[in-house]
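Heads up: the sequence lines are chains A and B, in that order.
Numbering-wise, the working numbering puts 571 at position 523 of the first sequence, and it's gapless, one number per residue.
Numbering-wise, the working numbering puts 1731 at position 271 of the second sequence, and it's gapless, one number per residue.
Note that the Cβ used here is the ideal one computed from N, Cα and C, for glycine as well.
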Amino acid sequence: MAGAVAIGGLARVVRAMPDAIYPFTEIPADKSGIRWTHTAGKSAERYLPETTGPGCAFLDYDADGWMDIYLVNSGKCDFYEPSPPLRNALYRNNRDGTFTDVTEKARVPGGGYGQGVAVGDYDADGFPDIYVTQYGKSILYHNNGDGTFTDVTEKAGVAAPGWSSSAVWFDYDNDGKLDLFVCQFVEFSKSLNKSCGTGDEGKHGYCIPRLYKPMPSWLFHNNGDGTFTDVSKASGIANSLGKAWGVVATDLNNDGQMDLFVSNDTVPNFVFMNRGKGRFEETATYAGVAYSGDGRARSGMGLDSVDFNQDGWMDLFVANIDLERFAIYQNNHDETFDDQAGPTGIGMATRLMSGWGLKFFDYDNDGNLDLFLANGNPDDLIESLHSQVKYQEPLMLFHNTGKEFQNVSAQSGPVFAKPLSARGMAIGDFDNDGGIDVLVAVNDAAPVLLHNAIGSQNHWLGINLVGTRSNPDAIGARITYQSGNLRQRRMKVGGGSFLSAHDPRIVLGIGKRPKLDWVEIQWPQPSGKIERITELPIDRYITIVEGAGKWK
Amino acid sequence: MFPFWCSALALASLLFAGLHGASQTASKPAPDASSVAIKATALAEEGRCDAALPGLEKSIRVADPELKRKVGLAGVRCSMTLGRTDSALRFLEALARGFPHDPDVLYAEIHAYSDLSTAASETLARTAPASPPAHELLAESYEMQGKWDDAEKEYRAIVSQNPKLPGIHFRLGRLLLSKPNPPATVADDAKREFTQELAIDPTNAGAEYVLGELARQESQWREAIKHFSRATELDASFGDAFLGLGTALLSAKRMSEAIPPLQMAVKLEPQNPSAHYNLATALTRAGRREEAEKEFEIHRKMTQKGDAGQGQPAAEPQNPN
């Protein structure tokens, strides 16, 4: 009897203890309503595209101020005919933590072997459009503004045939319109698929991309009339043959012209420095970001650009495959970079990982940009080759203390112990509480939606920037803000991560400080105008329209 | 062993037959030295090594190359059979000098040296099983088999017997770094061993090099530069140490200082793409872009050549990325 009382007492104590608050909590499908699953169509022939998708996006397709979700699936192509057919998915945010599948009504099902997604308002009508990259031909969906989309690929001229991976909307010629860069991976078709074996028990595996021919990526100039011109050759982009997985549009030399950092697999990465007048110069080797420190081309996959040390110059990050370590390149202010993977500890922490989706963002709103990594080895036979490397890998979270990055994965929630074949990863605040949430797209499995539980415990301000003279998404805008003794800089880069697109709003964290003194926006060219906004609210989202001089 | 000696004897027999035939056709008496050699090899062929060896030894410098080769091979076989190491080594030396690329000779050398090595290790194990060399030999053997813990025990046994013996702490440090799934303290543990090695033998360039590499991995540039510099001073032909020094100086943003060691690394190891890459990077950062481009071009060609030589799909690793 006494024992029973004691056990009952212990149970009461346990029940009375508050649940541990982890930064991120997985929202199950039965709660979110997101029941869509990615199907890779893995075959005995081991076609390489089966290992690489999918991507995902946070976007506000109906402009209601709440982030919706788009998910990319595989589909019919020369090596795969799924039965029943597969489709992408658009989920509308119900503003209560749940989502409704509106794909059919919106008419955005995809229709090929999908890979990734890029989102941008290319016609400046206030509604974001969707570009779906595919193995085969990619698709441009124009947002009609009434909850539906129209496939305008042919008219726009942006099909980009081949194996497209990541894509990004950005304004390379500063004419105020969003242009489109599309990564192309390798030359591939059913007949070009190669067979690889471990030699153990005749196991048949996916081949290393080194065996496939590199290809040029695409650059499309926005003509402003719903059509685009392929300027890949004229711009110099097509002179460089790569095996491109990731792209981020950023300004690496502070000249007001958007540059591109492109990650390549088994060949050197690219930096396309924008030299103006529609020309790019590939400088990655001189920049020190093409190869590893010992001169080896690595397997560049996910990437991002961020001013992680807050010196006013954009730095670079690229994830690689296992045993290669990820790279975090600090900008030397002269178009060269130094890899700080060693000093930051990120190199050792990622030694065994293969990284795809990734993004720097301030998950706890303390003002410092943290780093979230989504990982997974592409080779399902990897564990028979390397005793320390796993096929499915956990997510990782690095907290930026302002002085260093600390690997806080183990303390950040059970989801960080969950093995995944993560690929795409998008950030977005789907419940508008100021804590930036995360969506992870998983190869051949359901996506993982993570709710951020601690961002809202600090103060913040979310800003939606709308360009009028500059591009409508304000890609390339620079934001500086002051809150008491905290001054931080942000740049609104285009793209980043892998195959994915993000919430376009910028969240400015200020920790426990009660007030945001001012925010200064340097709008992208062609205006380049600087506007300082004061008397700002906190803990909510606002919109700042270029030239208005105030928030709404 | 058996097939080798069979084939060697068959070869000797053929050679003998050929020489004998040629001698008969010429109807001339064989020179004295040749006669001795032919007789000795015939005895060897019959397995009568006791009787053959004196003649073979006398014939080791016979003029006819074919006969000399035959004598050498038979001499090695008989010497090994009789346990005459000194004699075997003389025959091996003569064969190596006279027929350095002959496959049969090389095959004979491999087996003879292997047998000599086995015999010596057996003798060591029998006569001085607790001696440091016996432990060292065992440790090396364990290392080759990947039995890291057993190897470590052997090295520790040597250190406990003779703490001042040069080379053992170096091997211990190297072993600790080779272990799969090492503990978090592995770098510190290894550093301790290399530092102890240098206390015993301050001329160990390898220990300085590894300490430099460990410091470089920890981004301790000053420490890395110090150790790599010492390694290059101790061994002026140590290409990797020059490369390490150059890359550490590069990381420390001492661009101009990085160039000379990297140039030396390129000179010592012209086929090392990393040396060319880092030299090119240092030259770029020092503003010497034209020279840098030449080095980048060499690096590019080397890496492209390397990629082209990656083999066919079936031989490739499975990793698709």
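Under the three-state DSSP convention, the category residue i falls into
i: Q459 (chain A); result: helix
i: C104 (chain A); result: strand
i: K90 (chain A); result: coil
i: S1512 (chain B); result: Checking the sequence shown, residue 1512 (chain B) turns out to be Ala, not Ser. Here A1512 (chain B) sits in helix by DSSP.
i: Q536 (chain A); result: strand
i: Q182 (chain A); result: strand
i: V319 (chain A); result: strand
i: E579 (chain A); result: strand
i: W1608 (chain B); result: helix
i: H1595 (chain B); result: helix
i: R327 (chain A); result: strand
i: W1681 (chain B); result: helix
i: Y1737 (chain B); result: helix
i: M444 (chain A); result: strand
i: D116 (chain A); result: strand
i: A1554 (chain B); result: helix
i: L190 (chain A); result: Checking the displayed sequence, the identity of residue 190 (chain A) turns out to be His instead of Leu. It is a strand residue.
i: T1645 (chain B); result: coil
i: L1636 (chain B); result: helix
i: F407 (chain A); result: One point to set straight first is that residue 407 (chain A) is Lys, not Phe, in the sequence displayed. Here K407 (chain A) sits in strand by DSSP.
i: Y128 (chain A); result: strand
i: A1712 (chain B); result: coil
Contact set between residue i and chain B, taken where Cβ atoms lie within less than 7 Å
i: A367 (chain A); result: Under the 7 Å cutoff, chain B gives no residues; its nearest Cβ is about 11 Å from A367 (chain A).
i: V339 (chain A); result: According to the sequence provided, residue 339 (chain A) is Tyr. The question's Val does not apply to it. Residues of chain B passing the Cβ test: Y1737.
i: A345 (chain A); result: T1763
Chain B contact for residue i (CB, 8 Å cutoff)
i: T333 (chain A); result: yes
i: E594 (chain A); result: no
i: D492 (chain A); result: no
i: G405 (chain A); result: no
Cross-chain neighbours of residue i in chain B, by beta carbon under 8 Å
i: T384 (chain A); result: T1744 and R1745
i: Q436 (chain A); result: P1640 and N1641
Closer than 8 Å to chain A by CB, residue i
i: S1734 (chain B); result: yes
i: L1574 (chain B); result: Strictly speaking, residue 1574 (chain B) in this sequence is Ser, with Leu absent from that position. False, the Cβ-Cβ gap to chain A never drops below 8 Å.
i: Q1605 (chain B); result: no
i: N1641 (chain B); result: yes
i: F1756 (chain B); result: yes
i: T1707 (chain B); result: yes
Neighbouring residues, chain A, relative to residue i (Cβ below 8 Å)
i: N1664 (chain B); result: None at all; the shortest Cβ gap to chain A is about 24 Å.
i: F1688 (chain B); result: Residues of chain A passing the Cβ test: none, with the nearest at roughly 15 Å.
Contacts that residue i makes with chain A (C-beta to C-beta distance below 7 Å)
i: Q1677 (chain B); result: G390
Listed by chain order, chain A residues near residue i by CB distance under 9 Å
i: H1759 (chain B); result: T333, Y339 and G343
Partners in chain B for residue i, counting only beta-carbon separations shorter than 9 Å
i: G336 (chain A); result: T1741, T1744 and R1745
Contact with chain E by residue i, beta-carbon distance below 8 Å
i: I369 (chain A); result: The chain labelled as chain E is not found among the protein chains of the depicted structure, namely A and B.
(message) Does the region 554-572 of chain A come into contact with the region 367-376 of chain A, if we say contact requires no fewer than three beta-carbon pairs (one atom in each stretch) closer than 8 Å?
(response) The region 554-572 of chain A, when compared against the region 367-376 of chain A, does not touch it at the 8 Å Cβ threshold.
(message) Any contact between the region 377-388 of chain A and the region 410-418 of chain A? By contact I mean 3 or more CB pairs, one from each, below 8 Å.
(response) By the C-beta criterion, the region 377-388 of chain A is judged not to be in contact with the region 410-418 of chain A, since fewer than 3 inter-stretch pairs fall below 8 Å.
(message) In chain order, what are the residue ranges of uninterrupted alpha helix (DSSP H) at least 4 long that sit wholly in the region 336-405 of chain A?
(response) If we require 4 residues or more, the alpha helix (DSSP H) runs fully inside the region 336-405 of chain A come out as 389-392 and 394-397.
(message) Extract the residue ranges of the beta strand (DSSP E) inside the region 230-311 of chain A, only unbroken runs of 3 or more that lie entirely within it.
(response) Listed in chain order, the complete beta strand (DSSP E) runs (minimum 3 residues) inside the region 230-311 of chain A are 266-270, 276-278 and 292-298.
(message) Measuring CB atoms only, is the region 175-188 of chain A touching the region 498-518 of chain A, in the sense that at least three cross pairs come out at less than 8 Å?
(response) With the cut-off at 8 Å, the region 175-188 of chain A and the region 498-518 of chain A do not touch.
(message) If contact is defined by three or more beta carbon pairs under 8 Å, each pair taking one atom from either stretch, is the region 123-143 of chain A in contact with the region 543-551 of chain A?
(response) Contact between the region 543-551 of chain A and the region 123-143 of chain A is absent: fewer than 3 CB-CB pairs across the two stretches fall below 8 Å.
(message) Taking contact to mean 3 or more Cβ pairs, one atom from each stretch, closer than 8 Å, check whether the region 258-272 of chain A and the region 224-241 of chain A are in contact.
(response) As far as the Cβ criterion goes, the region 258-272 of chain A touches the region 224-241 of chain A, which means the pair count is three or higher.
(message) So, does the region 1552-1561 of chain B touch the region 1521-1540 of chain B, judging by three or more C-beta pairs under 8 Å?
(response) Of all C-beta pairs linking the region 1552-1561 of chain B to the region 1521-1540 of chain B, three or more are shorter than 8 Å, placing the two stretches in contact.
(message) For the structure I just gave you, are there three or more beta carbon pairs, one from the region 300-308 of chain A and one from the region 1752-1759 of chain B, closer than 8 Å?
(response) Flag = no, the region 300-308 of chain A and the region 1752-1759 of chain B do not touch.
(message) Would the region 464-478 of chain A count as touching the region 101-111 of chain A if we require 3 or more Cβ pairs under 8 Å?
(response) Yes, since at least three Cβ pairs between the region 464-478 of chain A and the region 101-111 of chain A fall closer than 8 Å, the two stretches touch.
(request) Mind the definition here: the region 482-501 of chain A touches the region 576-584 of chain A only if three or more C-beta pairs lie below 8 Å; say whether that holds. (result) For the pair of segments examined, the region 482-501 of chain A was found not to touch the region 576-584 of chain A: the number of CB pairs separated by less than 8 Å stays below three.
(message) Three Cβ pairs or more, each shorter than 8 Å: is that satisfied between the region 1644-1660 of chain B and the region 1609-1627 of chain B?
(response) Output reads yes: the region 1609-1627 of chain B touches the region 1644-1660 of chain B.
(message) Under 8 Å: do the region 1712-1724 of chain B and the region 1734-1743 of chain B share three or more Cβ pairs, one atom per stretch?
(response) Touching, per the Cβ criterion.
(request) Mind the definition here: the region 189-196 of chain A touches the region 205-213 of chain A only if three or more C-beta pairs lie below 8 Å; say whether that holds. (result) As far as the Cβ criterion goes, the region 189-196 of chain A does not touch the region 205-213 of chain A, which means the pair count is below three.
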